[in-house]
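Novice: Below you will find the structure I want to go over with you.
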Amino acid sequence: MEKIKTLLVANRGEIAVRICKTARKLGIKTISIYTGADAASAHVGAADEAVLLSGPDAKGYIDGEHIVEIAKSKGADAVIPGYGFLSENTDFARHVADAGMVFVGPSPKCIEDFGIKHTARELAEKADVPIVPGSKGLINSEEEAVAEAKRLGYPVMLKATAGGGGMGLMACSDEKAVRESFKTVKSRGETLFKNSGLFMERFYPAAHHIEVQVFGNGQGQAIHFGERECSIQRRHQKVIEECPSPFLPKHPELREKLGSAAVRLAESIKYGSAGTIEYLVDDESGDFFFLEMNTRLQVEHGITELCYGVDLVELMLKQADAELSGKSGLAGDYLHSLQPKGPTGAAIEVRVYAENPAKNYAPSPGTLQQVSWKEVPGSRIDGWVHTGTKVTSFYDPLLAKVMVHAPNRTEAIKRMSEMLEGSKIFGPPTNIEFLAEILEDSTFQSGRTITKFLDTFEYKPHAIDVLQGGAYTLVEDWPGRPTVGKGFSHSGPMDPVAFRIANALVGNPTGKEGLEITLSGPDLRFLGPAIVALCGAPMDAKLDGKSVPMWTRIKIKAGQRLTIGKTTGGGCRSYLGIYGGLPSIATWFGSKSTAPMTSVGGYQGRALAAGDLLMITKDVPDVQGELKLPDHLIPAYPAEWDLFAMPGPYDEGYITPESIEEFYNSTYTVSHNAARGGIRLLGPKPKWARPDGGEGGSHPSNVIEYGYPVGSLNWTGDDPCLFPVDAPDFGGFVSATTIVKADYWRMGQMKAGNKLRFRRISYEDAIALRKEVESFLERIHEACNGKAKFEDISPLKYEGLPPSTQNKGWERAVIHQIPEKGNQPLVSYRQGGDDFILIDYGHGSFDLNYRCRAVALYRKLKEGRGEISFENGVLHTGMASGNSLTIYFDSLKVPRQKMMEHLLNLETELGDLSEAKFPSRKYKLPITFESERQKQSIQRYIETQRPYASYLPDPMEFVAKNNAMTIQQLKDIFTKSSLMVVAVGFFVALPIALPIDPRQRIQCPKMNPSRVHTPEGQVGWGGSCMAIYNVESPGGYMNTGLSIPGADILGYKKGYSPDKPWLFEDFDQITFYEVSQDEYEDMMATFRSGRYEYQYEDTVFDMKEHNQLLRDTKDEVAQIRARQREAQAEMGKLEQELLAKWNKEKEAGKVSVDTVQELLHDPNIIPVEAPLNANVWKVEVKEGDVIKADQVVSILEAMKLEIPVKAESSMEGAKVEKLVVKPNDVIEAGKPLMLLRKSG
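Using full-length UniProt numbering, the letters of the sequence shown correspond one by one to residues 1 to 1240.
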């Protein structure tokens, strides 16, 4: 290149990526532009530099003035527009030239002349290029249109003269159609192109769309690179293109005619750069007619490049470089030397779109959860997406142009079919199956496709069209992903028993993915045949309006509609097993399960919603006869549950003995707040054996963070919460008992209002129960496969109590201890149900010596081989957190006693670690202490959760006061200290870190109540530790600043990978440096685009040096702690006063019971009652409002579901007399939300 050294690519997506490749080959520096919505697009990272566009996302790429300003400011020599957006905008082309740069494309005049279709026809006619018979110039009236149609003969096509991309076209077969279409085309032209002009052409329904690639030097010389067949179109948009055209062998002379005519036209206007002449070719005669000229690079240019061995973008850049050098363009001799004799082999291109075939191919935005393209010999994929890309509604939903080149067309079809079959593009629906079926069609394979081919092509997707998603319907498989950890949920079905039986009934492996349905089910239209079974809590289910039984194999025909209603009895979850599962759901860490709290897995990481499309298998077996689970084997779902649990990991020494006994003798009620992430209970509060939580926190329920066992009963303050499969994997609250694995399914069926008692059980009995459940499920699976008989299977029985429950033979929470001796700390081995062991070092104070032992033990376990190892599935995962290590293992594969022997041996092997050295990475992260996003989060908390508290309105000031320091001293803790990561998990790999220097350690309570919203990148402080919230989420740590997150769920950003989507590891260190809000937001934009580069250095953490520091600073630290305790006592007193005041105000705001009862005695008063125990989220009416039939008057929240309460038809016309509740109130089932007064 002589003049072009820097190139701005004024486009996005795949074409921008493709241009950057050629520019890099030519040694040209590239600048890409992108909108916020496109931050993760591959084109951002494909360029040498990327610039974020200002303004709305939808308009970013068409703001020509702004783009030219960017180009000038970056010293660009040239601007290339690709196709679409500004590629055929004459004002933009002139603006680029006026700014002293070269526009990589034809002259503005050429663009202008061919942008108006009736003018283009005149130019073609002058160049002796055949044109479609049509009107002379524009048609000005409806009557003129009718007359012109009669002259030309039907059918005709009305065209907007400024139209493009298939828009502004309407075919008319009679006079009525002409009259109806005239106004429509005229209106579309004005709306879409600011030009209402239209003209008419004869319409050839049995025709081919064939185009010729030309290239001119702007000096009256041009060549062509053969033709492309583009006849397969939908709504005038190309779907599949081929080079060369398979139609031309029928008319051998046609290639030369098409090419010569195209060159004549290009030369007649002194065309410079790449362009395409489009023709309509009659299928019978081979006669061809000019349609239009595209004065830009064509979408499908790649197949021409494959067959002719040319790089068209390179030629465009060379032509532009020659223009910038004052040479007007490429030399004629050089250009003519490039004229090929003909194509080599055959190439096919298919356009892969994110679109929903069940919704008339409407665009389907969403996150691509897996992108894996199959490659074959001769393949080329021009794309812009990768795993993690978010396809937005702002732009064309084209994901990639998939191309293949082969020696002949038959081989090209074969290779393309292989590519489509082997590619996995999972997330929102795509057209891949549609494209694959076209390739298999006999008409396509014979090369006889014409422009109306798709009008008669029948494609029936093998899928489920989700008409309504139900209250909370998730894709789950079993056992989920128990081996990941790091704050990514275990996932899987809440009731694995019903789930596995549903799979057995339809003929699947029992862990195959299916649908979990909570409270109220979805409405599903099956576009293909299927075999299903609905098992679990009783629900009303109908197939095409007729009731169908549960626990039964059901055959569904294509087109049938399965509607699953509300629960009609006990339990809250049912499961829809589907033969073959859901093949288009992406696998994440070995599982397709949805973890909605962390937005991973399943369908878009969320519950199903109307408009979703679930692909199903097309290979459905022809099963005969009924298969139904007998009634005596169907599990029971009572309203009162006795769940078996094992004491621990923390009870004695934390809760008084009397309170422990009271707990097991009490009945608890499941609250409205019962979901996959936590089941809150209502009942007696514990009496604590400690005055506070020590270094774990100010409340006696606080302990130093540790790994939570699944099924544990966690005391968040004085409130109990059961932790099922989607709960956090670590935290700092006492867990007093743990549900055994055999009872997970029963825990998963409890719903709001149910009663619950905990029954202590021994490890031995827990294993016996679990084996009983597993045997039950195995026998049912055998019976479904004809290898056993249902009548020979014993049902699950829960009458009576296991021996250990009756004779009090259960174990205590601490199942073993190693006493403290020298440098060997106290080690307590605590049980967490039958599958978890917590190895707890020390006496409950933070000590990095203990942290070292926990991490060293975990590393030994991970390195281990043999009978007890991760590689053979005995060990699932571990959580090294604070002073402890929680191990999750399979106690059916190795008995706990053997596991304990192994752990004790490893502990002995650790020896003295007081002088050990550990590899460490020291990260340097930016932090801003002033941010609008942080202020908005705090303001939202004040407005919606708690109006005042000791930590409001400025949590930063509170943390400083709570530790007897100034705000600047607190900032220095962040910017001048090094913090050791002591755990990674809780929620999306959230790191918590402790200052290494004990003099810099501070303490503060967590927010009460915790926030429902925390900004992405929030730096918080709670207890003794700092945390970074990696995604928007709930949170309780005090807001103290914003930094760069340390997680990327799908692993596409720099510093991450799909198998390691978290940043921080054990023994990493974090330091901060202060930046301004603007600097921080620029860094976050870079992070979101995947280009942020973390700064870190490899170092070594020396325990010998650290222990010396502890000894040297002991007295100084004692003085600091004394000052902190004094300040914390003062702030604690203030908090108690403000909390009492707030609670009193809340109580005072309630409507008195007497008022409600008095009104209810009035015969004209109608109560609107709560349908279930719930939290009041919204009240949609006010006192005095007149009610309409079916009006939503309130929205409740229960089990993380939104439940609208509608007025019944009998309430129409009534006035709201009294609101009984307000947002955030808790309401019991059957209690009045509001009172209405009848009209009249």
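For every residue, glycine included, the Cβ atom is placed at its ideal position computed from N, Cα and C.
(1) What are the start and end residues of each continuous beta strand (DSSP E) run of 3 or more residues lying completely inside the segment 759–823, in chain order?
(2) For residue 1241, does the three-state DSSP call read helix, strand or coil?
(3) When DSSP labels each residue in this structure, what does Lys935 get in the three-state scheme?
(4) Please report how far the alpha carbon of Asn1164 lies from the alpha carbon of Pro461, in whole angstroms.
(5) Only counting runs of 4 or more residues, tell me where the alpha helix (DSSP H) segments fall wholly within the segment 175–216, in order along the chain.
(6) Taking the beta strand (DSSP E) that Tyr1080 falls in, what are its first and last residues?
(7) Going by C-alpha to C-alpha distance, which of Ile277, Phe290, Phe289, Leu291 sits closest to Leu297?
(8) Report buried or exposed for residue 1242, applying the criterion of at least 16 other Cβ atoms within 10 angstroms of its Cβ.
(9) Per the contact definition of three or more C-beta pairs closer than 8 Å, is the segment 11–18 in contact with the segment 380–390?
(10) With burial defined as no fewer than 16 other Cβ atoms inside 10 Å of the residue's Cβ, what is the status of Asp321: buried or exposed?
(11) Look up Ala331 in the DSSP assignment and say whether it is helix, strand or coil.
(12) Check whether the segment 683–698 and the segment 652–665 are in contact - that is, three or more C-beta pairs closer than 8 Å.
(13) Whose C-alpha, out of Asn962, Glu863, Gln1069, is nearest the C-alpha of Glu1130?
(14) Under 6 Å Cβ to Cβ from Ile1049, same chain only, skipping five residues before and after it: list those, please.
(15) Please say whether Asp1098 and Ala921 have beta carbons closer to each other than 9 Å?
(16) Please report the residue range of the alpha helix (DSSP H) in which His876 lies.
(17) So is Pro496 buried or exposed if we call it buried at 16+ other beta carbons inside 10 Å?
(18) Spell out a yes or no on whether the segment 560–568 and the segment 524–535 are touching, meaning 3 or more CB-CB pairs, one atom from each, closer than 8 Å.
(19) Are there three or more Cβ pairs, one per stretch, closer than 8 Å when the segment 673–683 is compared with the segment 731–738?
(20) Let me know the secondary structure DSSP gives Gln968 once reduced to three states.
(21) Rank Lys976, Glu516, Asp396, Ala160 by C-alpha distance to the C-alpha of Ala471 and give the top, closest one.
(22) Could you spell out where the beta strand (DSSP E) holding Asp98 opens and where it closes?
(23) For my contact list, Tyr1029 and Leu1063 are in at a C-beta cut-off of 8 Å; report their separation, rounded to the angstrom.
(24) State yes or no: is the C-beta of Phe1072 within less than 9 Å of the C-beta of Lys924?
(25) Report yes or no: do three or more beta-carbon pairs, one from the segment 1020–1027 and one from the segment 989–1001, lie closer than 8 Å?
(26) So, helix, strand or coil for Met646, using DSSP?
(27) Inspect the beta-carbon positions of Ala964 and Glu1126 and report whether they are closer than 9 Å.
(28) Keeping to the same chain, check which residues put their C-beta closer than 6 Å to that of Val773; ignore five residues upstream and five downstream.
(29) Using three-state DSSP, classify Tyr353 as helix, strand or coil.
(30) Suppose you measure from the CA of Gly163 to the CA of Pro479; what does that come to, to the nearest Å?
(31) Taking its Cβ as the centre, do 16 or more other Cβ atoms sit within 10 Å of Leu1160, making it buried, or is it exposed?
(32) Ends of the beta strand (DSSP E) at Ser671?
(33) Tell me the rounded alpha-carbon separation between Asn872 and Lys486.
(34) Rounded to a whole number of angstroms, what is the C-alpha to C-alpha distance between residue 1301 and Ser701?
(35) Identify whether Thr1014 lies in helix, strand or coil by the three-state DSSP scheme.
(36) Within its chain, find whatever has a CB closer than 6 Å to the CB of Glu1202; leave out the 5 residues flanking it on each side and keep chain order.
Specialist: By the coordinates alone:
(1) 814–818
(2) Outside the displayed range of the chain (1 to 1240) lies residue 1241, so it cannot be described from this structure.
(3) helix
(4) 55 Å
(5) 175–193
(6) Not the beta strand (DSSP E): Tyr1080 falls in the alpha helix (DSSP H), residues 1077–1088.
(7) Ile277
(8) No answer is possible for residue 1242: it lies beyond the span of the chain, which begins at 1 and ends at 1240.
(9) yes
(10) buried
(11) coil
(12) yes
(13) Asn962
(14) Val600, Pro1061
(15) Correcting the residue identity first, residue 921 is Arg in this sequence and not Ala. For Arg921 and Asp1098, yes; Cβs fall inside 9 Å.
(16) Counting along the chain, His876 falls outside any alpha helix (DSSP H), though it belongs to the beta strand (DSSP E) covering 875–881.
(17) buried
(18) yes
(19) no
(20) helix
(21) Glu516
(22) Premise fails: Asp98 lies in the alpha helix (DSSP H), 90–98, not in any beta strand (DSSP E).
(23) Going by Cβ atoms, the distance from Tyr1029 to Leu1063 rounds to 13 Å, so no, they are not a contact pair.
(24) yes
(25) yes
(26) strand
(27) yes
(28) Ala742
(29) strand
(30) 55 Å
(31) exposed
(32) 668–675
(33) 21 Å
(34) Shown here, the chain extends from 1 to 1240; a query on residue 1301 therefore has no answer.
(35) strand
(36) Ile1195
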